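Trainee:
Number of protein chains: 4
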Amino acid sequence: MVDISKKEKIINAAVQVFQEKGIEKTKVSDIVKLAGIAQGTFYLYFPSKLSVMPAIAEVMVKKFMVEVKNEVDENDSISTQLSQIVNAIFRVTKNYREVLALIYAGLSTDDNLKNWEMIYNAFYSWMSEFLITAKSNGKIRGSVHPERTSKLMIAFIEAAAEQIYLYDAVNEEEERMQKSELIVFLEHALGIQN
Amino acid sequence: MVDISKKEKIINAAVQVFQEKGIEKTKVSDIVKLAGIAQGTFYLYFPSKLSVMPAIAEVMVKKFMVEVKNEVDENDSISTQLSQIVNAIFRVTKNYREVLALIYAGLSTDDNLKNWEMIYNAFYSWMSEFLITAKSNGKIRGSVHPERTSKLMIAFIEAAAEQIYLYDAVNEEEERMQKSELIVFLEHALGIQN
Amino acid sequence: MVDISKKEKIINAAVQVFQEKGIEKTKVSDIVKLAGIAQGTFYLYFPSKLSVMPAIAEVMVKKFMVEVKNEVDENDSISTQLSQIVNAIFRVTKNYREVLALIYAGLSTDDNLKNWEMIYNAFYSWMSEFLITAKSNGKIRGSVHPERTSKLMIAFIEAAAEQIYLYDAVNEEEERMQKSELIVFLEHALGIQN
Amino acid sequence: MVDISKKEKIINAAVQVFQEKGIEKTKVSDIVKLAGIAQGTFYLYFPSKLSVMPAIAEVMVKKFMVEVKNEVDENDSISTQLSQIVNAIFRVTKNYREVLALIYAGLSTDDNLKNWEMIYNAFYSWMSEFLITAKSNGKIRGSVHPERTSKLMIAFIEAAAEQIYLYDAVNEEEERMQKSELIVFLEHALGIQN
DNA sequence: CATGAATGAGCATTCATTCAT
DNA sequence: CATGAATGAATGCTCATTCAT
Chain A
1 MVDISKKEKI
11 INAAVQVFQE
21 KGIEKTKVSD
31 IVKLAGIAQG
41 TFYLYFPSKL
51 SVMPAIAEVM
61 VKKFMVEVKN
71 EVDENDSIST
81 QLSQIVNAIF
91 RVTKNYREVL
101 ALIYAGLSTD
111 DNLKNWEMIY
121 NAFYSWMSEF
131 LITAKSNGKI
141 RGSVHPERTS
151 KLMIAFIEAA
161 AEQIYLYDAV
171 NEEEERMQKS
181 ELIVFLEHAL
191 GIQN
Chain B
1 MVDISKKEKI
11 INAAVQVFQE
21 KGIEKTKVSD
31 IVKLAGIAQG
41 TFYLYFPSKL
51 SVMPAIAEVM
61 VKKFMVEVKN
71 EVDENDSIST
81 QLSQIVNAIF
91 RVTKNYREVL
101 ALIYAGLSTD
111 DNLKNWEMIY
121 NAFYSWMSEF
131 LITAKSNGKI
141 RGSVHPERTS
151 KLMIAFIEAA
161 AEQIYLYDAV
171 NEEEERMQKS
181 ELIVFLEHAL
191 GIQN
Chain C
1 MVDISKKEKI
11 INAAVQVFQE
21 KGIEKTKVSD
31 IVKLAGIAQG
41 TFYLYFPSKL
51 SVMPAIAEVM
61 VKKFMVEVKN
71 EVDENDSIST
81 QLSQIVNAIF
91 RVTKNYREVL
101 ALIYAGLSTD
111 DNLKNWEMIY
121 NAFYSWMSEF
131 LITAKSNGKI
141 RGSVHPERTS
151 KLMIAFIEAA
161 AEQIYLYDAV
171 NEEEERMQKS
181 ELIVFLEHAL
191 GIQN
Chain D
1 MVDISKKEKI
11 INAAVQVFQE
21 KGIEKTKVSD
31 IVKLAGIAQG
41 TFYLYFPSKL
51 SVMPAIAEVM
61 VKKFMVEVKN
71 EVDENDSIST
81 QLSQIVNAIF
91 RVTKNYREVL
101 ALIYAGLSTD
111 DNLKNWEMIY
121 NAFYSWMSEF
131 LITAKSNGKI
141 RGSVHPERTS
151 KLMIAFIEAA
161 AEQIYLYDAV
171 NEEEERMQKS
181 ELIVFLEHAL
191 GIQN
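Residue numbers (the UniProt record's numbering), protein chains in the order written: chain A, 1 to 194; chain B, 1 to 194; chain C, 1 to 194; chain D, 1 to 194.
(1) On the three-state DSSP scale, how would you describe residue 66/B?
(2) Are residue 13/D and residue 35/D closer than 7 Å when you measure CB to CB?
(3) Can you check which of these residues, 171/B, 166/B and 170/B, is closest to residue 104/B by C-alpha distance?
(4) Chain A partners of residue 177/B, CB-CB under 7 Å?
(5) If we count Cβ pairs, one from each stretch, closer than 8 Å, do we get three or more for the segment 49–56 of chain D versus the segment 121–135 of chain D?
(6) Report yes or no: is there a C-beta of chain D within less than 7 Å of the C-beta of residue 191/C?
(7) Taking CB distances under 7 Å as the criterion, tell me whether residue 16/C reaches chain D.
(8) Thinking residue 197/B and residue 15/B are a contact (beta carbons under 8 Å), I'd like their distance in whole angstroms, please.
(9) Could you check what DSSP says for residue 97/B in three-state terms: helix, strand or coil?
(10) Measure the alpha-carbon distance for residue 189/D versus residue 192/C and round it to whole angstroms.
(11) Between residue 99/A and residue 56/A, which are expected to be in contact by the criterion C-beta below 8 Å, what is the C-beta distance as a whole number of angstroms?
(12) Can you name, in chain order, every residue of its own chain whose Cβ lies under 8 Å from the Cβ of residue 119/A, other than the five neighbours on each side?
(13) By the DSSP assignment, the alpha helix (DSSP H) with residue 224/D in it spans what residues?
(14) Please report whether the beta-carbon of residue 81/A lies at a distance below 7 Å from any beta-carbon of chain B.
(15) Quick check: what's the CA-CA separation for residue 88/D versus residue 173/C?
(16) Cα separation between residue 154/A and residue 10/B?
(17) Could you tell me whether the Cβ of residue 42/B comes closer than 7 Å to any Cβ of chain A?
(18) From residue 206/A to residue 77/B, what does the alpha carbon distance come to, in whole angstroms?
(19) Does any residue of chain A bring its CB to less than 7 Å from the CB of residue 155/B?
(20) Cβ closer than 8 Å: which chain D residues qualify as neighbours of residue 67/C?
(21) Within its chain, find whatever has a CB closer than 6 Å to the CB of residue 84/C; leave out the 5 residues flanking it on each side and keep chain order.
(22) Could you please give the first and the last residue of the uninterrupted alpha helix (DSSP H) stretch that includes residue 30/D?
(23) Helix, strand or coil for residue 147/A? Go by DSSP, reduced to three states.
(24) Quick one: what's got a C-beta closer than 7 Å to residue 93/B's C-beta in the same chain, skipping five residues either side?
(25) Alpha carbon to alpha carbon, how far is residue 96/C from residue 19/C?
(26) What number of angstroms, rounded off, separates the C-alpha of residue 64/B from the C-alpha of residue 136/A?
(27) In terms of alpha-carbon separation, which member of 146/B, 66/B, 185/B and 41/B lies closest to residue 8/B?
(28) Going by C-alpha to C-alpha distance, which of 24/C, 185/C, 183/C and 176/C sits closest to residue 102/C?
(29) So, with DSSP's three-state summary, where would you put residue 139/B?
(30) Note down the Cα distance separating residue 26/A from residue 46/B, rounded to an integer number of angstroms.
(31) In whole angstroms, what is the alpha-carbon distance linking residue 142/B and residue 33/B?
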């Protein structure tokens, strides 16, 4: 493994500690202990405890993208690709449920909101491209506006995943059914023509 | 105006203070000051600072329902009713953006998650009924599963609204376009037949 | 002994701790421990560690006045009374050298300077009265301006005492000689006619 | 301008920063930033943050002496020379009020007190010489003890200046009157015979 | 000599919670 | 039921100092 900068060490440690303890119970001392650095070093890279949040958000968005890119096979049918997207997003949400909730709240705690759009931008773009291709291949309805719909889709799938994994304690059977319902919902929404 | 119980005063004050200051900066002393009661009195009604959260969530869900019920006119077309639902949810989200983000995070902070489903239950039910009626009238596709789709819709419309009002700083024109895209998306998703 | 308010307990403890440890090494925890109260209680009475300083200054000025009033016998000659004043001020300075240095620095640390004149006011007034009486009795030169000279005298005697007790490590013999020189100096300055 | 050694750069920067921020808020990082050197370099010249204090004090005493020597004209009358001394000391005090207060407190913070006398020694000597000359010329009373009185005078004039510039917020008119009172006071104290 | 990133001990301050009245 | 003064545990952050380069 290559050298990891101290800043990256902090971010990684922060993701983990926030995930395990939640925002209020996370102490800077926990983060630095896990990162293997001194307390003061934290403040060389971040001005305050909460200022790691945007960096964490970036990491999370990257995780989403990595998973989605790995999962989606462009040779598969649009319908299948849609399922793959949903699966990828659900998987990341499941694994990082706590951090994701924190990011949402964390970003709005500061005046970092402005960053949000920027952070998600790459993911929005990817999804946009996906829709543009599908549209030009006649696989989805022509009235889809790729940019706007890409944002809707990401928000939607994440929200559906959060609903399942964060808020509604559902069993696996119900989880599967809910996911199916989502996919059918999306297929109709996009007017998919396989 | 009728008498407001101290408990309600606390909840209302808490909504306002959380809205203005965010979860971390909200002090019990702020809440009681605004509520016009003594510090100790707070603890006669709530065991801890965070235990107001579910009560706040209930209030917010009620706000959603009141707005939706007021806005939706059953005599209008399904398509129109859908717009009305979207408008109502967007309006509440716009006015209470901060608290809503806090509730999401706040509920997951505690082990109150379990309450979430219960709190939203009435709203889910209402939406479910809406879909059942629409379905039995042949206004939406028959494959819609009302319970599951009701959850999806609520999560989706809220998420779309949050995206606009919390995270992406969009202008009014773009806000309108995004909302239109959402409605068209939903119409196709539900397979609306006016 | 009568009841001492918490505020007074804090001030008394602060005087003692500052005297013993100096401004930088004095911890709030030391003060409250000595005062026999909880750490948080300190902040019910003072907004910050340094904000006790003006209160301490008041206490010190009172100590000066008490000593001076006790020492000076109006039936004695002016010359003797002058010695008594010097002795009183020297004694307090000797006993509280550290706090006195701290007060000087402490007051200028904050923007509390403005208080300084107010705090010393009673002492200035007393000295002024002393000069007025002496002047109207023809015991000192007629050109003395009581208000202005009272300030000069207090500043002067304190400075002379500080010089001896704070800065120049002198032996007792030299201390006595220096004090004599001061008194002769003052006698001429005031144009004393016994 | 000739080359300034790093040590001098540090001292000059320290004077300025202490003047602006006060002793507690002055960080070594501020000093080195202003001095244009690296943080670690500071410790090549001074063992600790407070150890610059004596060096600063030396600089300040030198400033006093330079001003006094420049101002005082030996050909003028004793009375005039006295005014010149007062003016010089007042001027320096006015310009460096904050540092001067800090030095007083700063020196007593450490166990550097012992240095104080040494640092002031040259100034004491100069004043002593001044008094010896005046005395041998019969310009001041014969009972003046030059060494002791030189210390008193310096302490006194500085204290009077500090009173005006540090503690009592007086207007220019009052400042002038207070200074006059001081000079008359000194003339009588020294028994000046022009 | 010079650097400046890294250190980590140290402390002021906050604020949820309690409890005597 | 209501009060609000008192509590004290808990922790974010600072900054003088070090040391490998």
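Ideal Cβ positions, reconstructed from N, Cα and C, are used throughout, including at glycine.
All values derive from a computational prediction rather than experimental measurement.
Mentor: In this structure, then:
(1) On the second sequence, residue 66/B is found 66 positions in, with the first residue counted as 1. Looking at residue 66/B - three-state DSSP - the assignment turns out to be helix.
(2) For the purposes of this step, residue 13/D is identified with residue 13 of the fourth sequence, where counting begins at 1. For the purposes of this step, residue 35/D is identified with residue 35 of the fourth sequence, where counting begins at 1. Cβ distance < 7 Å, so residue 13/D and residue 35/D count as in contact.
(3) Translated into positions along the second sequence, residue 104/B becomes position 104. When only C-alpha atoms are compared, the closest one is 166/B.
(4) Stepping through the second sequence from its first residue, residue 177/B is reached at position 177. Here the neighbours are 148.
(5) no
(6) Position 191 of the third sequence, counting from 1, holds the residue named residue 191/C. So, interface residue.
(7) What you label residue 16/C is simply residue 16 of the third sequence in a count that begins at 1. Closer than 7 Å: no.
(8) Residue 197/B is absent from the model: chain B starts at 1 and stops at 194.
(9) Position 97 of the second sequence holds residue 97/B. Looking at residue 97/B - three-state DSSP - the assignment turns out to be helix.
(10) Translated into positions along the fourth sequence, residue 189/D becomes position 189. Translated into positions along the third sequence, residue 192/C becomes position 192. Spanning the two alpha carbons is a distance of roughly 10 Å.
(11) Residue numbering aside, residue 99/A sits at position 99 when the first sequence is read from its first letter. Residue numbering aside, residue 56/A sits at position 56 when the first sequence is read from its first letter. That belief holds up - the Cβ atoms of residue 99/A and residue 56/A are roughly 6 Å apart, short of 8 Å.
(12) On the first sequence, residue 119/A is found 119 positions in, with the first residue counted as 1. Cβ neighbours of residue 119/A beyond the five flanking positions: 54, 57, 58 and 61.
(13) This structure cannot settle anything about residue 224/D, because the visible part of chain D is limited to 1 through 194.
(14) Start at 1 with the first residue of the first sequence, and residue 81/A comes out as number 81. Not one chain B Cβ lies under 7 Å of residue 81/A.
(15) Your numbering for residue 88/D matches position 88 in the fourth sequence. Your numbering for residue 173/C matches position 173 in the third sequence. Spanning the two alpha carbons is a distance of roughly 33 Å.
(16) Locating residue 154/A in the first sequence gives position 154, where the first residue counts as 1. Locating residue 10/B in the second sequence gives position 10, where the first residue counts as 1. Taking the straight line from one Cα to the other gives about 37 Å.
(17) Mapped onto the second sequence, residue 42/B falls at position 42. Chain A, which has no Cβ nearer than 7 Å to the Cβ of residue 42/B, makes this no.
(18) Chain A is shown only over 1 to 194; residue 206/A falls outside these bounds and no answer can be derived.
(19) Position 155 of the second sequence, counted from the first residue, corresponds to residue 155/B. At least one beta carbon of chain A lies nearer than 7 Å to the beta carbon of residue 155/B.
(20) In the third sequence, the residue the question calls residue 67/C occupies position 67. Within 8 Å of the CB of residue 67/C, no CB atom of chain D is found; the nearest one sits about 19 Å away.
(21) Position 84 of the third sequence, counting from 1, holds the residue named residue 84/C. 71 and 72.
(22) Residue 30/D sits at position 30 when you count from the first residue of the fourth sequence. Run containing residue 30/D: 28–35, per the alpha helix (DSSP H) assignment.
(23) Position 147 of the first sequence, counted from the first residue, corresponds to residue 147/A. Looking at residue 147/A - three-state DSSP - the assignment turns out to be helix.
(24) By one-based count along the second sequence, residue 93/B stands at place 93. 100, 158, 161, 162 and 165, listed in sequence order.
(25) By 1-based counting over the third sequence, the position of residue 96/C is 96. By 1-based counting over the third sequence, the position of residue 19/C is 19. Their backbone Cα atoms lie some 7 Å apart in a straight line.
(26) Along the second sequence, one-based indexing puts residue 64/B at 64. Along the first sequence, one-based indexing puts residue 136/A at 136. In this structure, the CA atom of residue 64/B is about 39 Å from the CA atom of residue 136/A.
(27) Along the second sequence, one-based indexing puts residue 8/B at 8. The option with the nearest alpha carbon to residue 8/B is 41/B.
(28) Position 102 of the third sequence holds residue 102/C. The residue with the shortest Cα to Cα distance from residue 102/C is 24/C.
(29) Position 139 of the second sequence, counting from 1, holds the residue named residue 139/B. Three-state DSSP puts residue 139/B in coil, outside helix and strand.
(30) The residue you call residue 26/A lines up with position 26 of the first sequence. The residue you call residue 46/B lines up with position 46 of the second sequence. If you take the alpha carbons of residue 26/A and residue 46/B, they lie about 24 Å apart.
(31) Indexing the second sequence from 1 puts residue 142/B at position 142. Indexing the second sequence from 1 puts residue 33/B at position 33. Near 54 Å, if we compare the C-alpha coordinates of residue 33/B and residue 142/B.
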